[in-house]
Amino acid sequence: MATIEIQNDKGETIVGLLEEKHAIDAGRERPRLVLIGHGAQGHKNYLFQKLLAQKLPYSSFRWDFRGNGDSSGRAGFANIAEDVEDYHTIAKHFTRLGYEIWAIVGHSRGSTAGFKYATTCEVPLAHFVNVSARYQMNDPQLYTRWPNMKEAMESQGFLEWKVRRRDQYEIYKITREDINRFTSWDNSHGK
Numbered sequence: 031m032a033t034i035e036i037q038n039d040k041g042e043t044i045v046g047l048l049e050e051k052h053a054i055d056a057g058r059e060r061p062r063l064v065l066i067g068h069g070a071q072g073h074k075n076y077l078f079q080k081l082l083a084q085k086l087p088y089s090s091f092r093w094d095f096r097g098n099g100d101s102s103g104r105a106g107f108a109n110i111a112e113d114v115e116d117y118h119t120i121a122k123h124f125t126r127l128g129y130e131i132w133a134i135v136g137h138s139r140g141s142t143a144g145f146k147y148a149t150t151c152e153v154p155l156a157h158f159v160n161v162s163a164r165y166q167m168n169d170p171q172l173y174t175r176w177p178n179m180k181e182a183m184e185s186q187g188f189l190e191w192k193v194r195r196r197d198q199y200e201i202y203k204i205t206r207e208d209i210n211r212f213t214s215w216d217n218s219h220g221k
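Just so you know, we're using our numbering here: the sequence shown kicks off at 31 and counts up by one.
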C-alpha cells in the first residue's frame, strides 16, 4: 500500500491510498483500478472502504475528497460538483500512469458524485457500485437529519455543522445557498 498525493487544478492536494494487486491483471496491457469514494464527512478508511480495498482482488485507490481527512481544501455541505472534479483529477492521474479505471464503488455522496463522473468520463466504466446514494436530493430526509434547520436558518441565516477533520472537530456554517446547491443537484444523468 502506498500513500499518493495528487494535485488538482486549484492547487489542492488529494491524499489517498493505492492498494496494488497485479496478479489478476497478469497478461493484460493495462492494470485495472477500482476507485473507492467515501460519503459526506467520511474519509478514505471510513466504514467499509479499508476492508474492501484489502479484500478486492483488484488494485484500488481510496482517497479523501478535498477538505476531508488528509486532503487539503475546504469541506462543504454541497460540494458534490467538487467531488466530481476530484474523480476526474484522480482518473486522469492514474490513466497517465497506465491504469484502466475499471470500476467505482461509491458510498453516499461519493456515489452521487461517482454517478456524475461515470456519465461524463471519456472512457466508459465497466462497473459502478452504488452504496446508499440518494437520487432525489430535495427529499424530506434533509430536514429530519437536522430538525432545527428551519429555525436556525430563520434566526441566524445558517446552521452549524460539526465536522470531524484530522482528529479534531470543526464547525462549518451551512447557508441557504448551500441548501439550495444541494437540493438542486440534478441526478437525472443516472437514470
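For glycine and all other residues, C-beta sits at the position ideal for the given N, C-alpha and C. Please read all numbers here as calculations on a predicted model, not as lab measurements.
Within the continuous alpha helix (DSSP H) that includes residue i, where are the two ends?
i	result
Gln186	Careful: Gln186 lies outside any alpha helix (DSSP H) and carries neither H nor E.
Val153	Here Val153 belongs to no alpha helix (DSSP H), and DSSP marks it neither H nor E.
Leu82	Gln79 to Lys85
Taking the alpha-carbon positions, what's the residue i to residue j distance?
i	j	result
Glu50	Leu127	13 Å
Phe145	Arg92	16 Å
His118	Ser90	16 Å
Ala148	Arg164	16 Å
Arg206	Ala32	40 Å
Glu200	Leu48	28 Å
Val114	Asn75	19 Å
Asn168	Tyr88	36 Å
Arg139	Glu59	32 Å
His219	Leu81	30 Å
Phe95	Ala121	13 Å
Gly57	Thr174	52 Å
Thinking C-beta only, is residue j closer than 8 Å to residue i?
i	j	result
Phe124	Ile131	yes
Thr213	Leu172	yes
His157	His68	no
Leu63	Tyr129	yes
Ala105	Gly97	yes
Ile44	Ile54	no
Glu181	Ser102	no
Val193	Gln71	yes
Ile209	Trp191	no
Asp116	Asn217	no
Ile110	Trp176	no
Just reading off the beta strand (DSSP E) that residue i is part of, what are its end residues?
i	result
Arg62	Arg62 to Gly67
Arg96	Where Arg96 is concerned, there is no enclosing beta strand (DSSP E), given that its DSSP letter is neither H nor E.
Ile204	Gln198 to Thr205
Which one or two residues does DSSP pair with residue i in a beta bridge?
i	result
Thr33	Leu47
Lys192	Ile201
Ser89	Leu63
Secondary structure, beta strand (DSSP E): runs of 3+ residues fully inside the stretch 100-176: Qualifying beta strand (DSSP E) stretches, in chain order: 130-137 and 157-161.
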